[in-house]
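Below: the structure, in structure tokens.
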Amino acid sequence: MTMVADAPWIRDAEMNGDEETIEVECPVCGQRCETLFTNRQTNEVFGCECGVRIEDAYEWAEGRE
Numbered sequence: 001m002t003m004v005a006d007a008p009w010i011r012d013a014e015m016n017g018d019e020e021t022i023e024v025e026c027p028v029c030g031q032r033c034e035t036l037f038t039n040r041q042t043n044e045v046f047g048c049e050c051g052v053r054i055e056d057a058y059e060w061a062e063g064r065e
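Reading the sequence shown from the start, the letters are residues 1 to 65 in my numbering.
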């Protein structure tokens with residue numbers, strides 16, 4: 001099982017005893033997340049690590065033929 005490191009603000013809160021941290025919710029799916037994916041041109045959020053899947057472009061293109 002791969003362990004994912006906590007976001008820096010979570011680590012800082014744990015080390016400093018600060019219980020008030022910022023909780024971010026994805027504006028697309030509403031889940032709490034650490035990473036938001038945005039369109040580079042419009043800066044519009046299109047998802048987070050909970051709802052976006054990464055696929056190989058070549059495999060995706062082959063499946064569409």
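Even for Gly, the Cβ is constructed at its ideal location relative to N, Cα and C.
Item to check | Cys-29, buried or exposed, once every other Cβ within 10 Å from all chains shown has been counted against 16 | outcome: Locating residue 29 in the sequence shown gives position 29, where the first residue counts as 1. Looking at its Cβ environment, which holds fewer than 16 other Cβ atoms inside 10 Å, Cys-29 is exposed.
Item to check | Rounded straight-line distance, which links the Cα of Glu-55 to that of Gly-63 | outcome: Your numbering for residue 63 matches position 63 in the sequence shown. Your numbering for residue 55 matches position 55 in the sequence shown. If I take the Cα positions, the gap works out to 11 Å.
Next on the checklist: Between which residues of its own chain and Thr-35 is the CB-CB distance below 7 Å, once the five residues before and five after are set aside?
Outcome noted: Numbered from its first residue, the sequence shown carries residue 35 at position 35. Around Thr-35: Cys-48, Glu-49.
Next on the checklist: Could you compute how far the alpha carbon of Glu-25 sits from the alpha carbon of Glu-44?
Outcome noted: Here the question's residue 25 lines up with position 25 in the sequence shown. Here the question's residue 44 lines up with position 44 in the sequence shown. If you draw a straight line from the Cα of Glu-25 to the Cα of Glu-44, it is about 15 Å long.
Checklist entry - Can you tell me the Cα-Cα spacing of Arg-40 and Glu-23, whole angstroms? => result Here residue 40 is taken as the residue at index 40 of the sequence shown, counted from 1. Here residue 23 is taken as the residue at index 23 of the sequence shown, counted from 1. Looking at the two C-alpha atoms, the distance is approximately 24 Å.
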